[in-house]
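In what follows, a structure is listed as structure tokens, so that the remarks can point back to it.
2 protein chains.
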Amino acid sequence: MLTNLKKSNKSGARLGRLKTAHGPIKTPFFMPIATKAAVKNLSVEDLNCLGAPIILANTYHLYLQPGEKLIKKAGGLHKFMNWPHPILTDSGGYQVFSLSKINKIKADGVEFQSHLDGSKHFLTPEKSIQIQQDLGSDIMMAFDVCPAGEAKQKIISEACATTFDWAKRCFKTWQKTKKKQQLFGIIQGGIYKKLRDQSLKQITGLDFSGFAIGGLAVGEERKDMYKILEYIAPKLPENKPRYLMGLGRPEEIVFAVKQGIDMFDCVIPTREARHGRLYQFCSLKQKGAIKLFDNLAYQTLNIKNEKYKMEFSPIDKNSKNELLRKYSKSYLHHLFKTQEGLGLRLATLNNLEFYLRLMDQVQGAIKNDRL
Amino acid sequence: MLTNLKKSNKSGARLGRLKTAHGPIKTPFFMPIATKAAVKNLSVEDLNCLGAPIILANTYHLYLQPGEKLIKKAGGLHKFMNWPHPILTDSGGYQVFSLSKINKIKADGVEFQSHLDGSKHFLTPEKSIQIQQDLGSDIMMAFDVCPAGEAKQKIISEACATTFDWAKRCFKTWQKTKKKQQLFGIIQGGIYKKLRDQSLKQITGLDFSGFAIGGLAVGEERKDMYKILEYIAPKLPENKPRYLMGLGRPEEIVFAVKQGIDMFDCVIPTREARHGRLYQFCSLKQKGAIKLFDNLAYQTLNIKNEKYKMEFSPIDKNSKNELLRKYSKSYLHHLFKTQEGLGLRLATLNNLEFYLRLMDQVQGAIKNDRL
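Structural data, given as structure tokens:
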């Protein structure tokens, strides 16, 4: 349930409060990705220091390793990884199609081979919900088919049909539970307005806890993504949370917020950190600055660049995180050059703090009708 | 200077206080290794949480990368890596002979090729001291020649002669400074009593701040190492700190403490952590337990072993470190299986805490004449 909803009078942006079994979260929010029950190179204490309100974990990965039964036995994913705040789990669908060696859609579900050891598995809508129930996430996602951005219309149309069929089966399975965990439906349709409209009608016809837009930020051109987002986002039910899966660059998130999206997740901050690419707010006048809104802009820098070798200023002098105020860019450059694990941790802290502060800025701007 | 010296009445073990420019340290103590200005996978905040009193950094590595001039410009090694407590730097000698591709001892010093890029360098006693001065460590080590444990007597004899020559040159260079940094001499001689006696006489003839035994734990048999240690350690000057370089397993450290050694460093806790091998105190009755003294014993366990998959108890329920009390063995097993960076951090915290607590136990036992 989305409460305290305030709409910007300048755009479709919304400010709200999403209730979950592990506490409420202010929207719009960003979810750091804890693929295999850990945000890469961070502890949950690090995440708490950053003030991360919720994280996302991947059903496909946890199903394969260590297995959802083990996590259930540990007392659920929250307990297994010591995370006391909300968790969203995806359905496994996206990874089954993008990661597994061989996958084949059958009437009942998908047969696939593990990318780890080639072992055979069969995932169905019912099975996906069961796994997510065993994990004990606060928000579960319906099992869907997500084609690549460049897929032909026919493929996407078929994916929509299967997604609807599976959505109904997920919904039915969920109806039999006590519904402590929320379940979100996913709208597919690629960059085709007609398919999006149809999928929206089908999926929103089921009383899910919230709705996600899937099949965007999967390889299509940014202008196409913006066009379809502008078209479809405002049509999503107003009183329910809206989640844009897998997005994105900071300016893309700001764009999506203006279309009325409440929830985001993306590997960019954590993945780019592992390559030494740091996100930082900067002045609009800064060379290479990318404008977000008002006077807010950001830049990315590659800490491995020689020019940071002698840069003794803090990684981020304005950070709320002591480590980022204390360690210098020069030291971080050295840690990357010598491949020390601490470097990955500091860069990840920097980028996640950036994304979380971006959402604070976005929330503040909606509150004051500046976005 | 070693003050408040108390000798055990049961062995040669000594309890004391070593003054340094960055504060005093209780002896005997263990130094975690921060090879390249970082203890692998830990932050200095982690080290502070563990109560590490001093760390060791490697001159050879820091000279090559990022270079001592950069660190000097950063304000010294303490500032560069944000470590407020004492630092000991080795002389670079050991790595020049063990790591560099080609090395050639000349009258003045050693010519060698960097193991990183093959670039040519020339290290002399004077240069080693200059680098250590630029790094600004609290304790510098004299530049020495350390042959392998299986080296022939002739080789070791020559190494002793060169080590003495270089010790004099290091000492002379140090005499010209303000002596804010201490300088320790190193005694070589392998497992040969005669060579050790001679080296001891030569090196202790110079008024160094302390004395180290080098050339042990370099591949020789443990019984030979114990024999020579028993022989030579009690002959070291009483009023100065005694450092046994590169040792060792917990039981070896306890043995050396009984011979009157005050200082230790070793890669074992950090390196074994990276392979998932954890050190833990245990009951003497535990299968595979290794006795230390009194009722104190330890075991090692490999967290990657299948038997820890379902072991939901804490990594160490008695740890002073919150992370080790909070995360389970099962979760740590999973982190290693999925190669998550957090696993390396937790295992390193565990092992360093073990080594540091071992030294607490040792200090307590000397105090009460139990060792």
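Protein chains in written order, with my numbering: chain V, 1 to 371; chain B, 1001 to 1371. Note that CB positions come from ideal geometry on N, CA and C, so glycine has one too. As the structure is a prediction and not an experimental result, all values here were calculated from the model.
- Of the candidates Gln259(V), Gly190(V), Ser98(V), Tyr63(V), the residue whose Cα lies closest to the Cα of Ile155(V) is Gly190(V).
- Contact of Gln1065(B) with chain V by beta-carbon distance below 7 Å involves Lys337, Thr338.
- Setting aside the 5 residues that flank it on each side, Leu278(V) is surrounded in the same chain by Thr300, Leu301, Ile303, Ala347, Asn350, Asn351, each with a C-beta closer than 7 Å to its C-beta; the list follows chain order.
- Put simply, the backbone Cα of Ala107(V) is about 15 Å away from that of His121(V).
- Restricting attention to Ser1137(B), Ile1203(B), Leu1070(B), the CA atom closest to the CA of Ala1212(B) is found in Ile1203(B).
- Counting of Cβ neighbours within 10 angstroms places Gly341(V) among the buried residues, the total reaching 16 or more.
- Contact with chain B is absent for Tyr308(V), since none of that chain's Cβ atoms lies less than 7 Å from the residue's Cβ.
- With respect to chain V, the C-beta atom of Asn1041(B) has a partner C-beta closer than 7 Å.
- At a Cβ-Cβ threshold of 7 Å, Leu1356(B) and Leu1050(B) count as neighbours.
- When rounded, the separation of the alpha-carbon atoms in Leu371(V) and Ser11(V) is 7 Å.
- Within chain V, Asn82 have C-beta atoms less than 7 Å from the C-beta of Lys1326(B), given in sequence order.
- Around Lys1258(B), the same chain offers Ser1011, Gly1012, Ala1013, Leu1371 as residues with beta carbons nearer than 7 Å, after the five sequence neighbours per side are excluded.
- Shown here for Ala289(V): same chain residues with a beta carbon closer than 8 Å to its own, the five before and five after excluded, namely Cys282, Ser283, Ala297, Tyr298, Gln299 in chain order.
- Neighbours of Ala1273(B) in chain V, taken as residues whose beta carbon is under 7 Å from its own, are absent, since the nearest beta carbon is some 11 Å off.
- Residue Met1(V) holds the alpha-carbon nearest to the alpha-carbon of Gly23(V) among Ala38(V), Met1(V), Leu5(V).
- Per DSSP, reduced to three states, the secondary structure at Asn302(V) is strand.
- In this structure, the alpha-carbon of Gln1153(B) lies about 40 Å from that of His1078(B).
- Put simply, the CB of Leu56(V) is far from chain B, with every gap to its CB atoms at 7 Å or more.
- His1078(B) has a beta carbon lying at 7 Å or more from every beta carbon in chain V.
- Within chain V, the residues placing a beta-carbon under 8 Å from that of Leu1323(B) are Ser43, Glu45, ordered along the chain.
- With fewer than 16 other Cβ atoms from the protein chains shown falling within 10 Å of its own Cβ, Arg325(V) counts as exposed.
- Annotation for His1334(B): the continuous alpha helix (DSSP H) segment containing it runs 1329–1337.
- With respect to the 7 Å criterion, Met245(V) and Phe30(V) are not classified as neighbours on the basis of their beta carbons.
- Put simply, the CB of Phe112(V) is far from chain B, with every gap to its CB atoms at 7 Å or more.
- Closer than 9 Å at the C-beta level to chain V, one finds no residue of the region 1146–1160 of chain B.
- Here Leu1183(B) really is in contact with Phe1171(B); their C-beta atoms are around 7 Å apart, less than 8 Å.
- Bridge partners of Asp1138(B) according to DSSP: none are assigned.
- Residue pairing by DSSP places Gln113(V) opposite Lys120(V) in a beta bridge.
- Residue contact check for Gly1341(B) against chain V: a CB pair falls below 7 Å.
- The alpha-carbon separation between Ser330(V) and Ser1199(B) amounts to approximately 42 Å.
- One thing to note: Asp1138(B) has its Cβ within 7 Å of the Cβ of Thr1020(B).
- Between Arg1242(B) and Ile1228(B), the CB-CB gap reaches or exceeds 7 Å.
- Listed in chain order, the non-local C-beta contacts of Ala1148(B) below 7 Å within the same chain comprise Val1218, Gly1219, local neighbours out to five positions each way being set aside.
- Boundaries of the alpha helix (DSSP H) around Lys1227(B): 1222–1232.
- At a beta-carbon threshold of 7 Å, the residues of chain B lying near Tyr331(V) are Phe1080, Met1081, ordered along the chain.
- Judged by beta-carbon spacing, Asn318(V) lies beyond the 7 Å limit of Glu353(V), meaning their Cβ atoms are not closer than that value.
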